[in-house]
Each structure stands twice: as C-alpha cells, then as structure tokens.
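Visitor:
Numbering (this note's numbering), first residue to last: 53 to 280.
1. For residue 263, does the three-state DSSP call read helix, strand or coil?
2. Output the distance between the C-alpha atoms of residue 92 and residue 216, rounded to the nearest integer angstrom.
3. In angstroms, rounded to a whole number, what distance separates the CA positions of residue 118 and residue 70?
4. Taking 8 Å as the threshold (C-beta atoms), are residue 72 and residue 224 in contact?
5. Got a sec, what are the start and stop residues for the beta strand (DSSP E) residue 18 sits in?
6. Mind checking which residues open and close the beta strand (DSSP E) that includes residue 200?
7. For residue 194, which beta-bridge partners are listed by DSSP?
8. Please tell me whether residue 141 and residue 153 are closer than 8 Å, where the distance is taken between their beta carbons.
9. Which of helix, strand or coil does DSSP assign to residue 269?
10. Any idea what DSSP makes of residue 170, helix, strand or coil?
11. Determine which residues share a DSSP beta bridge with residue 246 and list them.
12. If you count every other CB in all the chains shown that lies within 10 Å of the CB of residue 192, and 16 or more means buried, which is it?
13. So within the region 111-166, which uninterrupted beta strand (DSSP E) runs reach at least 3 residues, ignoring any that extend past its ends?
14. Got a sec? Which residues, its chain only, sit under 6 Å from residue 199 by beta carbon, not counting five neighbours each side?
15. Per DSSP, residue 85 is paired with what?
16. On the criterion of 16 or more Cβ atoms from any shown chain inside 10 Å, does residue 247 qualify as buried, or is it exposed?
17. Whose C-beta lies closer than 6 Å to the C-beta of residue 232 among residues of the same chain, with five residues either side of it excluded?
18. Is it true that the CB of residue 102 sits closer than 8 Å to the CB of residue 79?
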C-alpha cells in the first residue's frame, strides 16, 4: 500500500546502518514527525532537502542566461503556422538565438521563450508584447490574436550534477532534479526524472529482485547501487 501524505514538508533526512529517518512538518499545525524507512527516494527537486541534509555535494550551477516564459492560448493558426506546422520554432535576433515558440498541444496552447539580457527587468515586459517580439524574430513585431495568457515565469538555467546519487550508507537515492539539473527546454529534466523514478522504483519494489538476490547471494543494496 502507498501512504500519500499531503500538507507536509521534509525538513531533513538522516540514516543509520539499518535505514533512514525522515523528519517532516505538518504545514498547517507545525507538528513534526519522524518517519522510519528502509529507503528514501529523493524526488524533491533542485534544492533537495534530502541531498543537502546528507551533505552530498552538487557540482556545477548557474550558467549565463535569463529567459521569460509566456504560456498562452491562441487559435490564430493561420498566423502562427504561416511557415507550416511545427513543434519547436526558433527565432534569431541580432544574429543570436532570441527566442522560441513551443506547440504544447498543436491546437491552441503555446509557450514563448524570450531570451533576455542578464540584467533585464521582466516586470517591465508585457506578456503580449513578449509574444509579438519573439515571433517577429529579425523583423518587426509579429502580432497574433491571443485568447488568454495562462501563466508567465522566468528561469536562469542551471547545469549541475550531484557528486553521488547514493547516500553514504546506501539508504537514500537521488532522482530527478535533486540528482541532475538541466535547462527546461525540450523537457530533458522531466524525462530524466521520470526515468530515474521508474528505474529506482522497480529495483526497490520488484519481488523478483529479492528472489534474484537470494539465488546470486547478492544483497539488495548492492543491486540498487547500480544507480543510475
């Protein structure tokens, strides 16, 4: 059975020779609780509490870049697909990559990536104008009918990797952004994170793996240590 707990956050993880202890806090009441387990899967993102509390170093970090994302709806397909149907469409500005348009469902949902100077103030850029500017590329702003601005955000790309994906005593395993960080373009982080979770999940839970460990006289921890 899976015990899903909402409204709690992980404060820290420690481990002994026999397992892991995870300290969690109820965000509504402030009550703290310690959960004992054999293993911990650290799927808690780039700022992973699990990784930092176990003192696993992270190599790499921010790379020069600043991007504004505008997620919007538009059915103005005659304008958007003027050059044909696409998944990713990239635009040059001043001889450099200036932005991109991503077709999220190839029907009416799109995302614009607008590459900004490192010291830019994104709050001064209107979402509609950002879309028009990116679509204009090397030329003038290219206006389309935008039905709805869904959400906007910014990111500064990080490229980093944990020095180890496994805790010192072998009871915590990093997965996704806690283990490796990529730029979000292309969904690299999402796809790698899903693959991590799937690979780690079957190694921990598969009954046949326990049977194999008995036949081969190999410990479960040794098998899981083939990670990633």
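Ideal Cβ placement from N, Cα and C applies to all residues, glycine included.
Guide: On the basis of the coordinates in this document:
1. With a pLDDT of only 46 at residue 263, under 50, the local geometry of the prediction cannot be trusted, and no value is derived from it.
2. Residue 92 and residue 216 have their C-alpha atoms spaced approximately 15 Å apart.
3. Spanning the alpha carbons of residue 118 and residue 70 requires a straight line of approximately 44 Å.
4. Yes. Within cutoff.
5. Because the chain is modelled from 53 through 280, residue 18 falls outside the range shown and cannot be assessed.
6. Note, residue 200: beta strand (DSSP E), 200-207.
7. Residue pairing by DSSP places residue 194 opposite no residue, since no beta bridge is assigned to it.
8. For residue 141 and residue 153, yes; Cβs fall inside 8 Å.
9. With a pLDDT of 46 at residue 269, under the threshold of 50, the predicted position of this residue should be treated as unreliable, though the coordinate-derived value follows. Reduced to three states, the DSSP call for residue 269 is coil.
10. Coil.
11. Note: residue 246 sits in no beta bridge, so no partner.
12. Classification for residue 192: exposed.
13. DSSP runs (the beta strand (DSSP E)) wholly in the region 111-166: 119-125, 140-145, 148-155.
14. The residues are 125, 126.
15. Beta bridge pairing from DSSP links residue 85 with 76.
16. Looking at its Cβ environment, which holds fewer than 16 other Cβ atoms inside 10 Å, residue 247 is exposed.
17. 213.
18. It is not a contact, given that the beta carbons lie outside the stated cut-off.
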